[in-house]
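Numbering (the UniProt record's numbering), first residue to last: 1 to 990.
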């Protein structure tokens, strides 16, 4: 019947074909299914069952979909327009966007919404069991689905089974042209005109239909004529593009069966929408294994052939999956397991597919990996994290160098962008962290985490750069691919840390595993043996290393992940179970090198290395990357500063900044370029110390919340200038759900100024929050720093205040990080201050800069001292900055007094004045408190002496009494007891 309806005539008549198909093919199938007239059977069915709780509407490309920002579990949870209008979410904060096609409405899915999972239309209903009908349906569905699968996975060289051969032989063939993404419309039109001798209008019609459906028969004839047309199409298209157009020759009978198979796909969608029972029967058939052969289940066969199928066939298969397996919880789980089992092969096929992901079977991952319970089941049962990361490692294997690190020279950008999509799947799996950890979940998660560390290991230290001397670099090295990976990993790294933080045992295991892998990366030998370095009677034993002369990499994901896990250990209290001794100088080594690299680039020491390095440093500190790059490097240095000897830490900083000799009086160079370079590096080094000591707005480093962090970011953005909402959003880091947290804090820190006749409304920081402005905020770029400083000085001048931009009082460090403040009163720090101020006081222009004076952290030290004195008694405070700053040769404050008179430091005069006032008040308070304490101690000493004197007299009197009694024993024997007791009491009371 099928060949007689389809593809029998040279010119097809779609309307006639549709009528014949309905009457001769589909109607008999429906009669068999219901066992009676289909309409009567359907009416009975509708009386006995209700509609599904899930909507499941499959979106067409461009269709408007809605997501609730308040209630959606993640941004991929959406509703169609009808369901949204009938839901509680229409009165919430929501987003609307055009669907790319292929997804379906999540109305009714309780795991997709925090509240209000159903609209008024999709209230829960129950399925009715009609055993005989469903048994018949299962038999029919099995045969039809086998038929559909066989013809949709058909290859050009397959033979048609005997039972499907037509009664009358027909030697007609079709030349079938397929759509691809390599050729433009005009290329295909030109090729068809040249190959088929058709006019432009015919060629345009063919091309439009090929683009829409994915393929089209462009010629019908004998095998020979179709072969000639095929050869011409391939050769003509190959002249235009490196890839020839895909063209096949199919027998007319095969073409007819394929056409009917597609129509059956649409028919299936209609039938299984009638009842839950039909849908479950279809799912059962689609997922059952073929026991007679090694072939996978039918749905897996279709998935594995997806990349070879044309667009129209793909759409039918995807829609079938959407309206069947993804609508049933248990079958969704089974389908997800099949999808995960074939995940690696599906991704490999997609990499070589020339179609967009929206029409690839791999796009279904968002429908299954984002369901929290399903994601956890896939981790436990299929080890999905390991599967995804293994897939990434295999696809990126070709980019590994001899040291097993990524090197992306000459990579294919199209292929690489397709590989990056797999990171989305890993992010989907990690969207919702578990509240309960089963033993199996712990085991499988840790196995996946270890494989993830192997991926990071390939990135640790990749694409090292070495400073160019003599001449400019000849070819700009590739850098964008590495940062693309970093951007993809940014949220994944945070999500892994979030998962680890929910279980102390997992957190400890993850930290130890991460530390072990980092030690494997750090075992590369230094070029020179460790040596001793001396400064201010302190000795540091460390390996020599110069960033300006040896290779250095900006990519350190394992070091940064370790820093994040360490803070979580401190935050959760699990740090007390960590008994391993760690070499903090070694842990911080690579982070310090990276910070020094950024400083040297800023000091223009790497100009000959071209723009690629400048771009890398820019992104390293940019909002898109900084939270898992620059911020984590600062965090690692804070960890080291809290655990190392303060003097040794600062000596290490000076060594890596290549300023050790400069501050150790061993630098006698008079070369102006070298002095300028030292000045710039000193500025950057002081800026780093500001960040290490002053940047405490990290949960776990100090007792702040994520909301506090966001508020501070917003305040500092608005201190640059008033901003529109969109500008603020761009300046804030997004979380995995693309939220910045701006809405929750903006009303607390800013006021909105409505727009005038033209322009747009702007937010301005509230006056009471201006005291929180830090001129050395570490997320400011150089230009933002200048603009913010000028803006705030201008504001203070308008308010008739001095221009001193005093730093705000930072929150106190958590106990694990409290030792960092010792940096501000250690010998090396005082030495650094003296050297900087002494050079300025001598007013030797080439040996100091205004920025150096501005960045000298006397203010931080004084504020820290003030905080500690206010919180504790003097004898309990070990922070003695003021005392050290006043003694040991030239007083720091004496040098500051001299600086006031330096004409070129007029702009810093107010700040110097403020520092001196605070220092004098601090010292007077300290001395006054000290005198008071001495007086208290003297009074206490005298009281103790008086007490001892009284005790001595009492002891003497007691002894005299005993002697008297012994001497006059006869007298006391005759005395009443009451009198003796009274006399004894009197002596005691004296």
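For glycine and all other residues, C-beta sits at the position ideal for the given N, C-alpha and C.
Quiz item: In whole angstroms, what separates the C-alpha of residue 20 from that of residue 73?
Solution: Along the chain shown, one-based indexing puts residue 20 at 20. Along the chain shown, one-based indexing puts residue 73 at 73. Going by the C-alpha atoms only, they are around 47 Å apart.
Going by beta carbon distance, what residues of the same chain come within less than 7 Å of residue 420, once the five residues before and after it are set aside?
Working through the chain shown from its first residue, we reach residue 420 at position 420. Only 484, 488 meet the Cβ criterion.
Requested in this report: State the DSSP-derived secondary structure class of residue 696, mapped to helix, strand or coil.
Outcome: Along the chain shown, read from residue 1 onward, the residue named residue 696 stands at position 696. The answer is coil: DSSP assigns residue 696 none of H, G, I, E or B.
**Q.** Stretch pair the region 589 to 602 + the region 535 to 555: three plus CB contacts closer than 8 Å
**A.** yes
Q. Is it true that the CB of residue 499 sits closer than 8 Å to the CB of residue 433?
A. In the chain shown, the residue the question calls residue 433 occupies position 433. In the chain shown, the residue the question calls residue 499 occupies position 499. For residue 433 and residue 499, yes; Cβs fall inside 8 Å.
- Task: Note down, in chain order, each residue of its chain lying with its Cβ closer than 6 Å to the Cβ of residue 129, except the 5 sequence neighbours on either side.
- Result: Here residue 129 is taken as the residue at index 129 of the chain shown, counted from 1. Note that residue 129 has pLDDT 38, beneath the 50 cutoff, so the model's placement of it is unreliable and no number is given.
Q: Note down the Cα distance separating residue 37 from residue 231, rounded to an integer number of angstroms.
A: Locating residue 37 in the chain shown gives position 37, counting from the first residue. Locating residue 231 in the chain shown gives position 231, counting from the first residue. Taking the straight line joining both Cα atoms gives about 51 Å.
Touch check for the region 640 to 655 and the region 781 to 792: three-plus C-beta pairs under 8 Å? no
- What separation, rounded to the nearest whole angstrom, lies between the Cα atoms of residue 137 and residue 22? Counted from its first residue, the chain shown places residue 137 at position 137. Counted from its first residue, the chain shown places residue 22 at position 22. Their Cα atoms are separated by approximately 19 Å.
Where does residue 627 land, buried or exposed, given buried means 16+ other C-beta within 10 angstroms?
Numbered from 1 along the chain shown, position 627 holds the residue referred to as residue 627. Buried: at least 16 other Cβ atoms inside 10 Å.
At least 3 beta-carbon pairs within less than 8 Å: the region 710 to 729 vs the region 743 to 759: yes
Between the region 773 to 781 and the region 804 to 821, do at least 3 Cβ pairs fall closer than 8 Å? yes
field: residue 762 versus residue 752: straight-line alpha-carbon distance, rounded
entry: Working through the chain shown from its first residue, we reach residue 762 at position 762. Working through the chain shown from its first residue, we reach residue 752 at position 752. Cα to Cα, residue 762 sits roughly 6 Å from residue 752.
Alpha carbon to alpha carbon, how far is residue 68 from residue 94? Give it in angstroms, no decimals.
Position 94 of the chain shown, counted from the first residue, corresponds to residue 94. Position 68 of the chain shown, counted from the first residue, corresponds to residue 68. One C-alpha to the other measures close to 4 Å.
Taking DSSP's pairing of strands, which residues face residue 169 in a bridge?
What you label residue 169 is simply residue 169 of the chain shown in a count that begins at 1. Beta-bridge pairing links residue 169 to no other residue.
Taking the beta strand (DSSP E) that residue 249 belongs to, which residues open and close that run? Position 249 of the chain shown, counted from the first residue, corresponds to residue 249. Per DSSP, residue 249 belongs to the beta strand (DSSP E) from 247 to 251.
- Alpha carbon to alpha carbon, how far is residue 241 from residue 181? Give it in angstroms, no decimals. Numbered from 1 along the chain shown, position 181 holds the residue referred to as residue 181. Numbered from 1 along the chain shown, position 241 holds the residue referred to as residue 241. Taking the straight line joining both Cα atoms gives about 11 Å.
Residue 778 - containing beta strand (DSSP E), residue span
On the chain shown, position 778 is the one that residue 778 refers to. Premise fails: residue 778 is in no beta strand (DSSP E) and is neither H nor E.
Count Cβ pairs between the region 401 to 411 and the region 450 to 460 that sit closer than 8 Å; are there 3 or more? yes
Where are the beta strand (DSSP E) runs, 3 residues long or more, that stay fully inside the region 743 to 826, in chain order?
750 to 753, 762 to 765
Quiz prompt | DSSP-derived helix/strand/coil call for residue 79 | solution = Locating residue 79 in the chain shown gives position 79, where the first residue counts as 1. Look at residue 79 here: in three-state DSSP terms it is strand.
Review point. Between which two residues does the beta strand (DSSP E) containing residue 446 stretch?
Key: Taking the first residue of the chain shown as 1, we reach residue 446 at position 446. Unbroken run through residue 446 is the alpha helix (DSSP H), 439 to 459; no beta strand (DSSP E).
Three-state secondary structure assigned by DSSP to residue 564: Against the chain shown, residue 564 aligns to sequence position 564. If DSSP states are grouped into helix, strand and coil, residue 564 belongs with the helices.
Q. Does the beta-carbon of residue 471 have 16 or more other beta-carbons within 10 angstroms, so that it is buried, or is it exposed?
A. Working through the chain shown from its first residue, we reach residue 471 at position 471. Exposed.
Q | Exposure of residue 283, with buried meaning 16 or more beta-carbon neighbours within 10 Å | A | Counting from 1 along the chain shown, the entry for residue 283 is found at position 283. Answer is buried; the Cβ neighbour count reaches 16.
Residue from 613, 749, 467 whose Cα sits closest to the Cα of residue 770:
Taking the chain shown and counting its residues from 1, the one referred to as residue 770 is at position 770. Checking every option, the nearest Cα to that of residue 770 belongs to 749.
**Item:** Nonlocal neighbours in the same chain, by C-beta distance under 6 Å from residue 250, ignoring five residues either side
**Value:** Residue mapping note: residue 250 aligns to position 250 of the chain shown, counting from 1. Counting only Cβ-Cβ distances below 6 Å, and skipping sequence neighbours, we find 174, 176.
Taking its Cβ as the centre, do 16 or more other Cβ atoms sit within 10 Å of residue 940, making it buried, or is it exposed? Mapped onto the chain shown, residue 940 falls at position 940. That one is exposed.
### Message
Comparing C-alpha positions only, which one of 172, 480, 278, 80 sits nearest to residue 46?
### Response
Position 46 of the chain shown holds residue 46. Closest by alpha carbon: 278.
Subject >> Among 430, 308, 307, the one whose alpha carbon lies nearest that of residue 366 >> reply: Position 366 of the chain shown, counting from 1, holds the residue named residue 366. Cα-wise, what sits closest to residue 366 is 430.
Legend entry - Of the listed residues 445, 321, 531, nearest to residue 502 (C-alpha basis): Within the chain shown, numbered from 1, the residue matching residue 502 stands at position 502. If we check each option's Cα against that of residue 502, 445 comes out closest.
Discussion item. Can you list, in chain order, the residues of its chain with a C-beta nearer than 7 Å to that of residue 510? Leave out the 5 residues immediately preceding and following it.
Written reply: Position 510 of the chain shown, counted from the first residue, corresponds to residue 510. Cβ within range, chain order: 449, 500, 565.
Fill in: beta strand (DSSP E) runs contained entirely in the region 80 to 162, provided each spans 3 or more residues
94 to 98
Find the nearest neighbour of residue 573 within the set 306, 507, 630, judged by alpha-carbon distance. Walking along the chain shown from the start, residue 573 turns up at place 573. That would be 507, whose Cα lies nearest to the Cα of residue 573.
(request) Decide if residue 786 is buried, meaning its Cβ has at least 16 other Cβ atoms within 10 Å, or exposed. (result) Reading the chain shown from its first residue, position 786 is the one you call residue 786. Per the 10 Å Cβ criterion, exposed.
- prompt: With 16 as the cutoff for other CB atoms within 10 Å, does residue 96 come out buried or exposed?
  reply: Here residue 96 is taken as the residue at index 96 of the chain shown, counted from 1. Classified as exposed, residue 96 has fewer than 16 neighbouring CB atoms from the shown chains inside 10 Å of its CB.
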